[in-house]
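Input: a single structure, listed below in structure tokens.
Residue numbers (the working numbering): 140 to 216.
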């Protein structure tokens, strides 16, 4: 079942701790997670221009073996 993570209130305290623990593990051993998102594509559409956010997401996807696509909201139908 798909769950959407919008705010920290969408996770239990235990789930929040698991996310933090995983983030720490991933940061300590980047090579172990270098292909964690292989074969996956992140599509991004922002209502407002946000270069730092876009580049951060693109870099994260690449570092984890995935790909990112950015579409401008004003050029989408």
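Every residue, glycine too, gets a C-beta built ideally from N, C-alpha and C.
Cβ-Cβ distances below 8 Å link residue 150 to 144, 158 in the same chain, with the five nearest sequence neighbours on each side left out; the list follows chain order.
If the five residues before and after residue 197 are omitted, its C-beta is found closer than 6 Å to the C-beta atoms of 207, all from its own chain and listed in chain order. Secondary structure note for residue 156: its alpha helix (DSSP H) is the uninterrupted segment 152-167. Residue range 180-185 is occupied by the beta strand (DSSP E) that includes residue 185. The Cβ atoms of residue 210 and residue 176 do not sit closer than 8 Å to each other. Shown here, residue 198 sits in a helix according to DSSP, grouped into three states. Here residue 173 carries a coil assignment [DSSP, helix/strand/coil].
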